[in-house]
Structures are given as structure tokens and as C-alpha cells.
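Q: Protein chains in written order, with the working numbering: chain A, 942 to 1376; chain B, 6 to 128.
Positions of the beta carbon are idealized from the N, C-alpha and C atoms, including for glycine.
Let me give you the structure first, and then I'll get to my questions.
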Amino acid sequence: MPRSALTGSRIRDRRTAKGLKQADLAREVGISPSYLNLIEHNRRRIGGKLLIDLSRVLEVEATQLTEGAEAALLTRMRQAAADTHKTAAEEDRADEFAGRFPGWAGLVAAQHDRIAQLERTVETLTDRLTHDPFLSTSLYDVVSSVTSIRSTSSILVGEEELDDEWQARFLQNLDNDSRRLAESSQALVAYLDGVGDAQGGATSPQEELEGYLLRNNYTLPALEDGSATPQDLVADAALASEPAQILALTYFKRYAADAEHLPLQSFAERYAATPDPAVLAETYRTDIATILRRIATLPDRDAEQRIGLVSCDASGTLTFRKESPGFSIPKFGAACPLWPLYQALIRPHSPVAAIVEQASRTAPLFRCYAIAQPLRPARFQGPDVIEATMLIIPLEGAHELATGVQAQPIGSSCRICPREACIARREPSILADGF
Amino acid sequence: MGKHVLLIEDEPNIIEAIKFILSRDGWSVDTHSNGANAIERVQSMRPDLVILDVMLPNKSGYDILRDLRDNPMTAKLPVLMLTARGQTKDRELAERLGVNEFITKPFSNSDILASVRALAGAG
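Below, the structure written as C-alpha cells:
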């Protein structure tokens, strides 16, 4: 039976759950019991005042009795069932469950959302703990100091015939190591305090700049209308570290140049009419990377549909990250080598377009455009400096794919990617059982 | 006793402590604190046993161990490895490369001494 026809079933379930007789409910809302019977057996559609009256008497939101409000809840419940392979939820009875127990159904969906959010936090923290060079160095310092202190103190305590010179040397070593341990521990505590919030806590100049841009939704009106210079904006941004200010100045200068060349209003209109970066590049007589960057600075319609952008240098190191929801970008270490970004990097000047599917529970799809090109004009001397840029546009679902088009499976980084059989895997994943 | 140990470690105070413990036990101890030319040092000094740290400047202890095992002159040289990382995979990697003994930092002096004595006896 189609879900649209089940409003009556939900009314019946809710009525019986409240212990109301059909005749009593009919009287309360001013209709005949036989008409209510037809409604409850899904033979009459209802809406408007009658629906509101029924929901009032049944003490439930009207939207919970109708299909529209329940559709999203059912989708989340089915996603929860699909993601939890080890249980055998009666998926064909999800409608009935949500109709009879909307509170419990909401709880199932909310817990599923919460689990997904916690998994993202775990991914972020795992990524940070595994690849963070500061953490690694600090812990190594701590262990080295403790090793030295333990060994030296054992000598001082255990050696009965230790002459004064050796004793003085070991005491001096002990003092040095204890000071070093204190400093390492303090630095570590300060650092860990800073990363308590897995979503925040900038640990590098790049993260500091990206945090600023995120707070401003990646659109900078003062540079769009020329009311501020890049230098003004750096001062205004109040970034804590000097390296972050230097990175910001470079970014703002490029942003201002792009904004001058491709004015926001007209560019947005042209992009809406022709969302093909290659066509736009031809129209504006510019390169594709500039177009990709500019698209990523257009105001997003909503945060869930935010367009992402990543850049990397020739070593593959990510030099810029603007996340699109569901497209996980590692903060440390290498990303997935199957990203179109890296496919572009191995073929400079050749644009790459691909539909990709990220490795997560919801398997979100994205349309990616990428290109790698030199950062400066060609010259005979000196090494080329290449930058690859990739635009990440979220798709609503598989229905947006053209017939016969398959999405390329990708991940974030090997360590937290569940695709065990991936041909590009560098190292085993810490995620087991499709976590 | 009276055998010769080469300690390859870059932390000065750890070097001093280990050198003291082994010297008191009758060992002749030389030290080297850089990964870059550690192999050459081993070949020129021909020690009876090598104590090798994993985290060294310029070249890791794992790479040094691999090179030692690839060279017929040092393929059977007893190697005691010291590491701050005691995870199973680190131990497995060291064993795959041919380590004789693996000790996790922070260690006790008696552990070091016992391992060195055992390895030298077997060497």
C-alpha cells in the first residue's frame, strides 16, 4: 500500500493506542462513525480542519498523521536499519511503527543521527592523533625524558659506590630531564585542551585561516566590493599567529583578483545559467582553476548543500580545504589517491570531471571538477610549481546521475576508509565491519 | 665479559645512563648518535652487539636494521632495539626485519642488562 494512503491507518493506531472508541472520536470531531471508519481504512483522504481536529483529540502533531512530515523520519529510520546490518529490523513495517509510536520512531532516528555525528568526531580525532606531528613529537619527548629519568634515578638509588663526580653528573641529568618533562607535559596539556572540541581548535596556520573563512561562509563582501584591501582584511581578521596572517594575505590577494575579474553578481547569474566550469572559463577568458575557486566563494544556498574546494601542491599536500558536508577531508596526512584532484595532478592542464561516492554510511554523491596547472608563467629555468584544484558539488542522490553513469568510489584517507578491497590502499584501515 | 657494545641512540642522557650501567658490568661501550652513517660505524667498529634506537635523526632504526641484515658481514650480529612505541605492529616489523630483542621505553636498567647479557651469550 503506498505511504500516502496510510494516514487513516495512523489515525486508527493512534486512537486504539489511546484507548478511544471509534464512535467517541467521531463524536469529538463532529463526523459520523461510519465516515471515520472509511477514513481509518484509508478509503477517504482527509486534510484541513478535520485533520487538525483529529490531531488535537489524539494529542499528536497533525504532521505526524500525514505522509509529508513522516517521510523524512521514515527515511532516517530506514537509513538506521540499513546501517545496522546485524539487526533484522522489519523495514516493511516502518510506516506502521512510526505511525503508532512517533516518539520512539523519532528517538531511533535521532540516535542514528547522533551516532553518525559521533563517528565523524572519532574520524577527526583519529586523523589528528595519527598524523598530528606536534602530538607525535610531544609524546616522543615525554617518553624520552621519562626513560632517562627512570634509568638515571635507578643508578642513583641502586649504586652504592657511586663517586661524587658521577653522582653530580647524574643529578644534573635528572634535573635537566625533569625540566624537559615538565615543559613537554605542559605543552601537551595545553594542546589537548585546545583540541577538546574536535570541530575547532586550530592547530596550524592553515586551520586558523580556514576557521576564519568558515565563520564568514567563505564569502568576503569587503573584497567583493573593494571596500577593504587584503591588508585591511588581514588586520580585521585578527588571526592569532603570524604564519596564519601571511597565508591569509596570500589568500585574500588572490580572492580580490578573482572578484575583480569575475564580479559576484554577474558571475552568479552566469553560473546559474551555465554551471559548466569550462564554458565559464571560455566566457571570461580565464583559466578553469580561477572559475573553480570563484564558484566556491559564491554564497551557499544552505549549509547542507555547501560547495567544497580543495587544493594541493605537487607533493599532494592539501594546501586549502573547504569542506562540503559528507565529503570528509583529512586535516593531516595524505588524502584518498582516487580523488579527481590527484587524477588531475598527474595530467596537468587536462580538466577532470567525475561523479564520486564518499565512503560513509549515507554514501553521498558529489560532482567534482579538477585541474592542475602551474602557479606561475612557463619559464626555461627553475622547477615548475604546480597546483591542483578540485571543486566539490554535493548531489542530492543517485537520481541526479545520467543513465549508465557510475559513481567512482572514493574515501577520505586510507586509515579511516572502510573500502577494504580498494586498489589504491596504502595501509590497513582502523575501521572494521563497515564502521 | 669484556665484550664490545655499540649503542646507537640520540638522547644524550639515555646514552650516559646506559653506558654507565654496561660499563659497570664490564662492557666496553661505544656510542653513535646519528642514523646517517650508523652502518659504516658498525662495520668499522665490529661490535659484539648493537643497541639500536628506532627514532634517530636522518635514518630510522628500522632502516639501519634492514641494512645490517642485508650485509653478510653483519647479518647475524645481535641487535637489541629500543623504541618509544610498543605497539604490536612495531614489534612485528622489528621481528620481520630480524631483530634479536625488542625493549620498549621507558625500560628498567635490569631489563637492559639482562637482555645484553643474554644476547652476548648467544652471539
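Going by DSSP, what residues sit across from C1253/A in a beta bridge?
A: As a working mapping, residue 1253/A is identified with position 312 in the first sequence. Looking at the DSSP assignment, C1253/A forms a beta bridge with L1259/A and A1329/A.
Q: Just the chain B side, please: which residues come within less than 7 Å of S1089/A by C-beta, in chain order?
A: For this step, residue 1089/A is matched to residue 148 along the first sequence. E16, N18, I19 and A22, listed in chain order.
Q: Using a beta-carbon distance below 9 Å, is A1110/A in contact with chain B?
A: In the first sequence, residue 1110/A corresponds to position 169, counting from 1. First, the amino acid is wrong: residue 1110/A is Arg here, not Ala. Yes, R1110/A counts as interfacial toward chain B.
Q: How many Å lie between S945/A and T1007/A at the Cα?
A: Position 4 of the first sequence, counted from the start, is the residue given in the question as residue 945/A. Position 66 of the first sequence, counted from the start, is the residue given in the question as residue 1007/A. Here the model assigns S945/A a pLDDT of 46, short of 50, so the residue's position is not dependable, and the following value carries that caveat. One C-alpha to the other measures close to 8 Å.
Q: Are A89/B and K64/B closer than 9 Å when you measure CB to CB?
A: Reading the second sequence from its first residue, position 84 is the one you call residue 89/B. Reading the second sequence from its first residue, position 59 is the one you call residue 64/B. Not closer than 9 Å, so no.
Q: In whole angstroms, what is the alpha-carbon distance linking A967/A and A1023/A?
A: On the first sequence, position 26 is the one that residue 967/A refers to. On the first sequence, position 82 is the one that residue 1023/A refers to. Rounded to the nearest angstrom, the two C-alpha atoms are 39 Å apart.
Q: Shorter than 9 Å from the beta carbon of E1100/A to some beta carbon of chain B?
A: Numbered from its first residue, the first sequence carries residue 1100/A at position 159. Yes, contact with chain B.
Q: Counting pairs of beta carbons, one from the region 1089 to 1105 of chain A and one from the region 1056 to 1070 of chain A, are three or more of them closer than 8 Å?
A: With the cut-off at 8 Å, the region 1089 to 1105 of chain A and the region 1056 to 1070 of chain A do not touch.
Q: Looking only at its chain, what residues have a beta carbon closer than 8 Å to the beta carbon of L1080/A, apart from the 5 residues adjacent to it on each side?
A: As a first step, residue 1080/A is located in the first sequence; it is residue number 139 there, counting from the start. For L1080/A, where only same-chain residues beyond five positions count, the Cβ hits under 8 Å are L1129.
Q: Can you say whether D1082/A is buried or exposed, counting buried as having 16 or more other CB atoms within 10 angstroms of its CB?
A: Locating residue 1082/A in the first sequence gives position 141, counting from the first residue. The residue in question, D1082/A, is buried, as its Cβ has 16 or more Cβ neighbours within 10 Å.
Q: Assuming contact is defined by CB atoms lying nearer than 9 Å, are V104/B and V84/B in contact in what I supplied?
A: On the second sequence, residue 104/B is found 99 positions in, with the first residue counted as 1. On the second sequence, residue 84/B is found 79 positions in, with the first residue counted as 1. Going by C-beta atoms, V104/B is nearer than 9 Å to V84/B.
Q: Using DSSP with H/G/I as helix, E/B as strand and the rest coil, what is S1265/A?
A: Position 324 of the first sequence, counted from the start, is the residue given in the question as residue 1265/A. Strand, per DSSP.
Q: Where do the N-terminal and C-terminal ends of the alpha helix (DSSP H) with L1150/A fall, by residue?
A: The residue you call residue 1150/A lines up with position 209 of the first sequence. Per DSSP, L1150/A belongs to the alpha helix (DSSP H) from P1146 to R1156.
Q: Tell me which residues share the same chain as R1235/A and place their Cβ nearer than 7 Å to its Cβ, disregarding the 5 neighbours each side in the sequence.
A: Looking up residue 1235/A in the first sequence gives position 294. So the list reads D1199, L1203 and F1208, once near-sequence residues are dropped.
Q: Do L102/B and R122/B have their beta-carbon atoms positioned less than 9 Å apart in this structure?
A: On the second sequence, residue 122/B is found 117 positions in, with the first residue counted as 1. On the second sequence, residue 102/B is found 97 positions in, with the first residue counted as 1. No, they are not a contact pair.
Q: Does any CB atom of chain A fall closer than 9 Å to the CB of A89/B?
A: The sequence position of residue 89/B within the second sequence is 84, counting from 1. Yes, because at least one Cβ of chain A sits closer than 9 Å to the Cβ of A89/B.
Q: Please list, in chain order, the residues of the region 94 to 111 of chain B that have any C-beta partner in chain A closer than 7 Å.
A: Under the 7 Å Cβ criterion, the region 94 to 111 of chain B contributes K110 and P111.
Q: From which residue to which residue does the alpha helix (DSSP H) around A1189/A run?
A: What you label residue 1189/A is simply residue 248 of the first sequence in a count that begins at 1. Its alpha helix (DSSP H) spans residues E1183 to H1202.
Q: On a Cα-Cα basis, can you pick out the residue from D68/B, K8/B, E16/B and L98/B that is closest to S28/B?
A: The sequence position of residue 28/B within the second sequence is 23, counting from 1. Taking only the C-alpha atoms, the option nearest S28/B is K8/B.
Q: Hey, does I1357/A have any beta-carbon neighbour from chain B nearer than 9 Å?
A: For this step, residue 1357/A is matched to residue 416 along the first sequence. Answer no: the Cβ-Cβ gap between I1357/A and chain B never drops below 9 Å.
Q: To the nearest angstrom, how far is it from the Cα of N1158/A to the Cα of E969/A?
A: For the purposes of this step, residue 1158/A is taken as the residue at position 217 of the first sequence. For the purposes of this step, residue 969/A is taken as the residue at position 28 of the first sequence. Cα-Cα distance, rounded: 51 Å.
Q: Determine, for L1080/A, whether the minimum Cβ-Cβ distance to residues of chain B falls below 9 Å.
A: On the first sequence, position 139 is the one that residue 1080/A refers to. For L1080/A, the answer is yes, since a Cβ of chain B falls inside 9 Å of its Cβ.
Q: Measuring straight from C-alpha to C-alpha, what distance separates F1038/A and Q1005/A?
A: To locate residue 1038/A, count along the first sequence from 1; it is residue 97. To locate residue 1005/A, count along the first sequence from 1; it is residue 64. Taking the straight line joining both Cα atoms gives about 12 Å.
Q: For A1373/A, name the three-state secondary structure that DSSP assigns.
A: The sequence position of residue 1373/A within the first sequence is 432, counting from 1. No answer about A1373/A holds up, because its pLDDT of 47 lies below 50 and its placement is not dependable.
Q: According to the Cβ coordinates, are I1248/A and L1336/A closer than 9 Å?
A: Indexing the first sequence from 1 puts residue 1248/A at position 307. Indexing the first sequence from 1 puts residue 1336/A at position 395. The answer is no: Cβ separation not under 9 Å.
Q: Would Q1147/A and L1112/A qualify as a contact pair, given that the criterion is a beta-carbon distance under 9 Å?
A: The residue given as residue 1147/A occupies position 206 in the first sequence. The residue given as residue 1112/A occupies position 171 in the first sequence. Going by C-beta atoms, Q1147/A is not nearer than 9 Å to L1112/A.
Q: Run through chain B and tell me which residues come within less than 7 Å of T1093/A, C-beta to C-beta.
A: Residue numbering aside, residue 1093/A sits at position 152 when the first sequence is read from its first letter. Those are N18 and A22, listed as they occur along chain B.
Q: Are there three or more Cβ pairs, one per stretch, closer than 8 Å when the region 1343 to 1358 of chain A is compared with the region 1290 to 1301 of chain A?
A: As far as the Cβ criterion goes, the region 1343 to 1358 of chain A touches the region 1290 to 1301 of chain A, which means the pair count is three or higher.
Q: If you compare alpha carbons, which of Q1246/A, E1064/A, V1049/A and I1096/A is closest to S115/B?
A: Position 110 of the second sequence holds residue 115/B. The candidate whose alpha carbon is nearest that of S115/B is I1096/A.
Q: Within 10 angstroms of its Cβ, does K1263/A collect 16 or more other Cβ (buried), or is it exposed?
A: Translated into positions along the first sequence, residue 1263/A becomes position 322. Answer is buried; the Cβ neighbour count reaches 16.
Q: Which residue wins for smallest C-alpha separation from D1033/A, given the options G1047/A, M1018/A and V1346/A?
A: The sequence position of residue 1033/A within the first sequence is 92, counting from 1. Looking at the Cα atoms, M1018/A is the closest of the given residues.
Q: Under 7 Å between beta-carbons, which chain B residues line up against D1118/A? List them in chain order, please.
A: Against the first sequence, residue 1118/A aligns to sequence position 177. What D1118/A touches in chain B: N18.
Q: With DSSP run on the structure shown, which of helix, strand or coil describes F1321/A?
A: Looking up residue 1321/A in the first sequence gives position 380. It is coil, neither helix nor strand.
Q: Please go through the same chain and pick out, in chain order, the residues whose beta-carbon is closer than 6 Å to the beta-carbon of T948/A, but skip the five residues on each side of it.
A: For the purposes of this step, residue 948/A is taken as residue 7 along the first sequence, with counting starting at 1. L1006 and T1007.
Q: Reducing DSSP to helix, strand and coil, say where I1364/A ends up.
A: Translated into the one-based positions of the first sequence, residue 1364/A becomes position 423. Residue state, collapsed to three classes: coil.
Q: Name the residue from S1252/A, E1328/A and P1359/A whose alpha carbon lies nearest to the alpha carbon of A1304/A.
A: On the first sequence, position 363 is the one that residue 1304/A refers to. Among S1252/A, E1328/A and P1359/A, the Cα nearest to that of A1304/A belongs to P1359/A.
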